[in-house]
């Protein structure tokens with residue numbers, strides 16, 4: 004009878020061990036699945052952020068090109084006037100473009116830091 008009890012206990016321990024191993028394998032599969040989904044989501048968010056940044060840069064280049072074209076046309080109109088007026092206009096236009104560029108840089112930095120602050124509080 005002692006042998007039967009020992010055999011039953013051994014079998015019970017073996018079955019519990021098998022059940023525990025199955026549980027751990029299932030838990031491991033679930034964890035790997037979650038990691039994969041997290042990696043995929045992170046990658047897709049990164050790709051979207053890169054695309055958005057590229058579109059923003061293209062838009063900025065387009066807008067600057069338009070402003071430069073307007074300034075060039077205005078400058079051409081004034082080139083027919085007296086040389087002093089042309090020099091003053093050129094300097095003023097250059098100064099305005101420089102100031103606009105500086106303001107855009109300031110606004111871009113503000114927007115960047117605002118986004119960073121918003122992301123930190125989320």
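Residue numbers (our numbering): 4 to 125. From the three backbone atoms N, C-alpha and C, an ideal C-beta is built for every residue, glycine too. The model shown is predicted, which means the values in this text are computed figures rather than measured ones.
Leaving aside the five residues before and after residue 54 along the sequence, list all residues of the same chain whose C-beta is less than 7 Å from its C-beta, in chain order. For residue 54, where only same-chain residues beyond five positions count, there are no Cβ hits under 7 Å.
Is residue 4 helix, strand or coil by DSSP? Of the three classes helix, strand and coil, the one that applies to residue 4 here is coil, per DSSP.
Beta-carbon proximity of residue 78 to residue 92, cut-off 8 Å: Contact flag set, yes.
Is the beta carbon of residue 74 less than 8 Å from the beta carbon of residue 96? Taking 8 Å as the Cβ cut-off, residue 74 and residue 96 qualify as a contacting pair.
Whole-angstrom distance between residue 49 and residue 32, CA atom to CA atom: Taking the straight line from one Cα to the other gives about 26 Å.
Rounded C-alpha distance that separates residue 87 from residue 80: Their Cα atoms are separated by approximately 14 Å.
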